[in-house]
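Here the structure is laid out as structure tokens; the discussion comes afterwards.
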Amino acid sequence: MSFYIGREASKLWKRICAETVTEINLLAENWKYILGGLICQYIHGLAARGVHYFHRPGPTLQDLGFFLLPELGLDKAYISETVFSFIFLSFILWTFHPFFVKSKKIYTVLIWCRVLAFLVACQFLRIITFYSTQLPGPNYHCREGSKFARLPRPDNIMEVLLVVPRGMLYGCGDLIFSSHMIFSLVFVRAYNKYGTKRFVKQCAWVAVVIQSLLIIASRKHYTVDVVVAWYTVNLVIFCIDKKLPELPDRSNGGAPLLPLTKDNKSKEENLKLMNGNYGDSADWRPRTQINGKVMEDGNVVHVEAVINGS
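In terms of full-length UniProt numbering, the sequence shown opens at residue 1 and continues consecutively.
The following block contains the structure:
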């Protein structure tokens with residue numbers, strides 16, 4: 001028994017080491033996109049804190065969701081945050097599962113490049129909308145009489161540039177549209193496309209719907225903030241996903257693509273050409289190579305360099 005456990009532990013360690021080397025190589029090619037996405041997360045937090053200085057508490061606006069959903073109350077406001085935290089942490093753990101699970105389908109670095117691209121685009125639109133019009137926050141700490149409803153004038157620039165977790169929890173003014181819904185929808189859409197468990201996909205969508213209702217019932221956002229997030233995030237992902245190169249499917253033995261660089265695209269095209277797979281199979285036409293030129297129906301469509309001695 002101990003021998004079997006030791007052998008399995010050895011296999012797991014080798015798998016983790018091999019996966020780490022692969023992901024480090026991918027990170028070396030794509031670190032600029034990961035770093036840029038993380039910097040944009042800070043900028044988004046900075047913008048959300050900045051709009052808090054302009055927030056002015058006032059009467060809660062008339063809202064259909066507030067009329068239909070009973071108010072949970074301040075003592076139960078943690079429920080929506082618990083659901084969001086579960087979705088957030090579950091997705092992060094899933095993106096790192098290739099390090100531990102034998103049947104893996106994604107590369108961690110490449111999936112985060114894609115996810116960060118979705119988040120940055122959605123958050124850029126969100127910053128534009130909540131700076132365009134500041135609505136009185138419906139949350140309890142944003143109402144008249146709360147010490148968090150208004151931020152005092154900063155004494156120095158560091159007070160503005162320092163984004164702390166407490167400021168994110170007690171922010172006001174960054175309403176349209178919901179940041180919680182951005183993260184949840186992006187994560188669920190990513191798993192829905194690259195995940196393998198159908199039951200988990202169904203549960204994830206149910207969790208996002210429940211979270212939407214809880215956000216409104218907790219009075220953290222107006223209904224419009226949640227509704228706008230639902231169609232905006234899905235449309236943004238749909239448009240950007242069409243522009244980005246598809247991720248390789250590891251379960252089919254696909255080699256890692258290193259997207260977003262001209263050199264890598266050229267290498268990919270050359271590899272397809274050498275393997276005889278250039279272009280879609282449905283659009284295939286006879287091709288011939290003459291003197292280093294690829295001919296299609298008598299026309300030159302691609303020029304390959306002639307490598308001597310190969």
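Where is the CB? At the ideal position from N, CA and C, for every residue including glycine.
Report yes if the CB atom of residue i is closer than 8 Å to the CB atom of residue j, and no otherwise.
| i | j | result |
| --- | --- | --- |
| T232 | L125 | yes |
| F99 | F187 | no |
| V236 | F118 | yes |
| S184 | I34 | no |
| T60 | P152 | no |
| V83 | A207 | yes |
| H230 | M181 | The amino acid at residue 230 is misidentified as His; the sequence shows Trp. Yes, the Cβ-Cβ distance between W230 and M181 is below 8 Å. |
| V226 | S179 | no |
| L74 | Y140 | yes |
| E71 | R219 | yes |
| K102 | R15 | yes |
| G65 | T223 | yes |
| L211 | S85 | The question names Leu, but residue 211 is Gln in the sequence shown. Taking 8 Å as the Cβ cut-off, Q211 and S85 do not qualify as a contacting pair. |
Starting from the C-beta of residue i, find all residues in its chain whose C-beta is less than 7 Å away, skip the five residues before and the five after it, and write them out in chain order.
| i | result |
| --- | --- |
| F130 | V51, G173, D174, L175 and I176 |
| L213 | L69 |
| Y42 | V163 |
Using only alpha-carbon positions, find the residue among the options that is nearest to residue i.
| i | options | result |
| --- | --- | --- |
| Y191 | E71, P70 and Y107 | Y107 |
| residue 396 | I43, R56 and K242 | Residue 396 is absent from the structure shown; the chain starts at 1 and stops at 310. |
| C142 | H221, E81, S179 and G65 | H221 |
| R49 | R7, V160 and C40 | V160 |
| V200 | L244, W94 and L46 | W94 |
| S132 | F54, Y78 and W31 | F54 |
| K76 | I215, I127 and F238 | I215 |
For residue i, collect the residues of the same chain with a Cβ closer than 6 Å to its Cβ; drop the 5 residues on either side in sequence, then sort them by chain order.
| i | result |
| --- | --- |
| N234 | none |
| E23 | T108 and V109 |
| K11 | none |
| A47 | I127 |
| R189 | I237 |
What's the call for residue i, buried or exposed, on a 16-neighbour Cβ count within 10 Å?
| i | result |
| --- | --- |
| T196 | exposed |
| M158 | exposed |
| A217 | buried |
| N25 | exposed |
| N156 | exposed |
| A18 | exposed |
Cutting at 8 Å between CB atoms, please list the residues of its own chain near residue i, excluding the five before and the five after it.
| i | result |
| --- | --- |
| Q62 | none |
| A121 | V236 and I240 |
| T20 | F99 |
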